[in-house]
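In our numbering, the protein residues as written are 2 to 203. Reading through the structure tokens given below for one structure.
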């Protein structure tokens, strides 16, 4: 409610991108790249979810071309497991991309995460440190879901959050028109391409 009224909380927010110094960092591969098909580039990111007592964490897997949310998971900790679960669910349901972009957070540089990508011969790309524009479409999604849902009510637990997000992401994929997509929905763009082309990963 404080967010809706324009009141900025002074409480510290959890960090959702914490590098692990011992993990390998991959270069950013999207600069100058033309992205014009579904399953060409996927992206992932983590954000925090405010609740009445503490925070939860939300990870999303997004198709860059269509902005479609391919999968998502919630957790009450910043462990790698819920991120890998989201990645595996997206691959199971939608195939896999040519390239995957994330930030340099420990979850996305972990052996478990990187192993899934390498097992499918997916190129790995990582944002520059502090360069949120490198993953701009997911950042825009965070802004939208926070101000249209997560900041509009007080959630008591992750079960409530999960129920609301299930409805919201279904609406976002199926009914949310994007000016940048010629006023089409993410599902329209994603499945339109899939219907007339072989998947980029084939």
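Each residue gets a CB set at the ideal place from its N, CA and C atoms; glycine is no exception. No experiment lies behind these values; they were computed from the predicted model shown.
Residue 30 and residue 126 have their C-alpha atoms roughly 5 Å apart.
Within the segment 69-125, the complete beta strand (DSSP E) segments at least 3 residues long are 70-76 and 100-103, listed from N- to C-terminus. For the pair of segments examined, the segment 60-74 was found to touch the segment 84-91: the number of CB pairs separated by less than 8 Å reaches three. Around the Cβ of residue 69, a 10 Å sphere holds 16 or more other Cβ atoms; the residue is buried. Its Cα nearest to that of residue 108, the residue 79 stands out among 139, 79 and 172.
Rounded to whole angstroms, residue 45 and residue 56 show a C-alpha spacing of 19 Å. In the DSSP assignment, residue 63 forms a beta bridge with 44 and 70.
Residue 67 is not a Cβ neighbour of residue 146, given a cutoff of 9 Å.
Of all alpha-carbon atoms in 119, 164 and 35, the one lying nearest the alpha-carbon of residue 27 is that of 119.
Here residue 136 is not near residue 110, since their CB atoms are 9 Å or more apart.
With respect to residue 65, residue 50 sits apart: the two C-beta atoms are not nearer than 9 Å. The alpha-carbon separation between residue 32 and residue 25 amounts to approximately 20 Å.
The C-beta distance from residue 52 to residue 157 rounds to 7 Å, short enough to fall under 8 Å. Going by beta carbons, residue 106 and residue 47 fall inside the 9 Å limit.
A direct Cα-to-Cα measurement between residue 94 and residue 101 gives close to 16 Å. Counting only residues of its own chain and dropping the five nearest sequence neighbours on each side, residue 85 has a CB closer than 7 Å to the CB of 113, 114 and 117.
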